[in-house]
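Comments concern the structure below.
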Amino acid sequence: MSRLAAKITGVAGYVPPRLLTNADLEKMVDTTDEWIMERVGIRERHLADKGVAASDLAVEAVKKLVAAHPFDLQTVDLIVVGTVTPDMMYPSTACLVQHKLGIANTWGFDVSAGCSGFLYALNAGVKFVESGQYKKVLVIGSDVNSSMTDYTDRAVCIIFGDGAGAVLLEPAGEGEDGIIDQVAQIEGVGGQFLYMPGGGSLNPASHATVDQKMHYIHQDGKNVFKYAVKKMAEMTERVLAKNGLTGKDVDCFIAHQANRRIITATAERLGMPLDKVIINIEQYGNTTAGTIPLAMQTALEEKKLKKGDIVLIAAVGAGFTSGATLLRWAY
Ligand code: COA
Numbered sequence: 010m011s012r013l014a015a016k017i018t019g020v021a022g023y024v025p026p027r028l029l030t031n032a033d034l035e036k037m038v039d040t041t042d043e044w045i046m047e048r049v050g051i052r053e054r055h056l057a058d059k060g061v062a063a064s065d066l067a068v069e070a071v072k073k074l075v076a077a078h079p080f081d082l083q084t085v086d087l088i089v090v091g092t093v094t095p096d097m098m099y100p101s102t103a104c105l106v107q108h109k110l111g112i113a114n115t116w117g118f119d120v121s122a123g124c125s126g127f128l129y130a131l132n133a134g135v136k137f138v139e140s141g142q143y144k145k146v147l148v149i150g151s152d153v154n155s156s157m158t159d160y161t162d163r164a165v166c167i168i169f170g171d172g173a174g175a176v177l178l179e180p181a182g183e184g185e186d187g188i189i190d191q192v193a194q195i196e197g198v199g200g201q202f203l204y205m206p207g208g209g210s211l212n213p214a215s216h217a218t219v220d221q222k223m224h225y226i227h228q229d230g231k232n233v234f235k236y237a238v239k240k241m242a243e244m245t246e247r248v249l250a251k252n253g254l255t256g257k258d259v260d261c262f263i264a265h266q267a268n269r270r271i272i273t274a275t276a277e278r279l280g281m282p283l284d285k286v287i288i289n290i291e292q293y294g295n296t297t298a299g300t301i302p303l304a305m306q307t308a309l310e311e312k313k314l315k316k317g318d319i320v321l322i323a324a325v326g327a328g329f330t331s332g333a334t335l336l337r338w339a340y
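If you read the sequence shown in the numbering used here, its first letter stands for residue 10, the second for the next number, and so on.
Structure below.
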């Protein structure tokens, strides 16, 4: 019997309306539009208003998904949410999304993998579809990075934005291949370079943790950058080689949007022309778990993604976490 494959049958992204431009940031910290565009490639990001949380962005993304690819939400049997900015430590964001959408009979959980959050949530969802146990899986990436960003730290506040995206996973038909293969790896030695030390069981929230700015993103940008460039190339090459392919076989490369230079360095290493590479970091910044579904939406809007295309997805994030997924676009 042939393997049961999972395929993506819809995607939608959502960003909150409020904009934070480089011109705004120039008034807040010692930076320039020129520096940010040259070193990172971001012009503007979208930020959630106070009181708008990761589950709210996720719900909006799912509503857009249903509008674009109509299906009965009540048939969803699994919700997997990638996020590092859950509404609360618990309940899970998956539970909050389930409740807000009123999906009566489903299962769900959150995945914490930093900027690889969507990719890891996708990996999990795919395995549950391939097992034959679940048939309609919502995979969501949602992050409100502004909730943990220090807007006096110029090396961090220029990078991050808020956003979410959702895909629907369903079993592929006989002979269809959908998600072809995935590779992923964690290397905890990287935890020291990108983390939020406060608010967990190690440093529970207190006046002291707030005074010491422990509830903000702590980042050693140089080390994260070096690792991301090396690892994204390694993971993409690994998944391609495992399947007897090279960068030349890829029709569309959708990478986590952390820094334009990380994406183009990977594409160059793989020998991929830039017209096959999706880059929307200029508009959205790094939305952590939101970037990949938002970039899928961009790819569709720019008509760079069509049925039958070989698509390569890759991410590197806090942890360190990394991964690459190879798939055939199904619609
Ligand atoms: N505007 C102007 N200057 C800035 C700046 C800003 N927003 N942020 C940092 N600088 C300065 C630094 O202070 C430093 O000045 P100095 O030489 O006087 O000390 C100089 O620019 C170079 O800093 P450096 O850290 O070497 O810059 P960089 O080219 O590595 O760019 C990042 C910094 C953060 C943009 C880059 O390292 C990066 O993208 N890292 C990866 C981050 C990431 O992807 N995080 C998410 C994980 S998925």
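We put the beta carbon where it would ideally sit given N, CA and C, even for glycine.
For residue i, the nearest candidate out of the options (CA to CA)
i	options	result
A298	P180, S125, T245 and K312	S125
V38	T30, R163, M97 and A274	R163
A175	R48, L203, A14 and D65	D65
D6	T334, G22, L28 and L13	Because the chain is modelled from 10 through 340, residue 6 falls outside the range shown and cannot be assessed.
I188	V146, E139 and F234	E139
K106	M98, I88 and T94	For clarity, residue 106 is Val in the given sequence; the question names Lys instead. Checked all of M98, I88 and T94; the closest Cα to V106 is I88.
T102	L283, D119 and K313	D119
Q221	I168, L203, D159 and F80	D159
K109	I319, K313, V192 and E69	E69
L309	G22, R12 and L13	G22
F137	A77, A327 and D86	D86
M97	H78, Y204, L314 and G208	G208
T273	T296, M241, G253 and R247	M241
T115	V146, Y99, P100 and V135	V146
I112	V135, F80, Q142 and Y129	F80
Y99	G253, V219, S210 and G134	S210
R48	R337, G294, H224 and V219	G294
Residue i vs residue j beta-carbon contact at 8 Å
i	j	result
L74	V20	yes
A63	T92	yes
E243	F329	no
R269	G50	yes
P25	D171	yes
E53	Q292	yes
L178	A15	yes
P213	H227	no
I271	A237	yes
N154	T94	yes
F127	G150	yes
D318	D260	yes
L343	P282	This structure does not reach residue 343, given that the chain is present from 10 up to 340, and the question cannot be answered.
G326	A122	yes
I167	I322	no
Residue i (DSSP reduced to helix, strand or coil)
i	result
L203	strand
P180	strand
F80	coil
T255	coil
K145	coil
H227	strand
R12	coil
I188	strand
S341	The question about residue 341 has no answer, for the chain in this structure spans 10 to 340.
T218	helix
I271	helix
V233	helix
V85	coil
I45	helix
V38	coil
T161	coil
K73	helix
Cβ-based neighbour list, residue i, same chain, cut-off 8 Å, excluding 5 preceding and 5 following
i	result
G280	T255, G256 and K257
T41	N31 and E35
K251	D190 and V192
E311	I287
Which residues DSSP lists as bridging residue i, in chain order
i	result
E53	T30
C261	V320
F169	N295
T330	I195 and G326
Y23	A173
G91	V120 and G150
R337	I319
I17	L178
I301	DSSP lists no partner for I301.
L286	A small correction: the amino acid at residue 286 is Val; Leu does not occupy that position in the sequence shown. According to DSSP, V286 bridges with F262.
Chain-order list of residues whose beta-carbon lies under 6 Å from that of residue i (same chain, five-residue window excluded)
i	result
Y289	The sequence as given places Asn at residue 289; Tyr does not occur at that position. Counting only Cβ-Cβ distances below 6 Å, and skipping sequence neighbours, we find A304 and T307.
V286	F262 and A276
V300	Checking the sequence shown, residue 300 turns out to be Thr, not Val. These residues qualify, in order along the chain: H265 and Q266.
V233	F202 and L203
Q194	S331
G134	V89, V146, V148 and L178
Residues near residue i by beta carbon distance below 7 Å, same chain, minus five either side
i	result
Y340	T18 and K316
L29	E53, R54 and L56
H78	T18, G19 and L177
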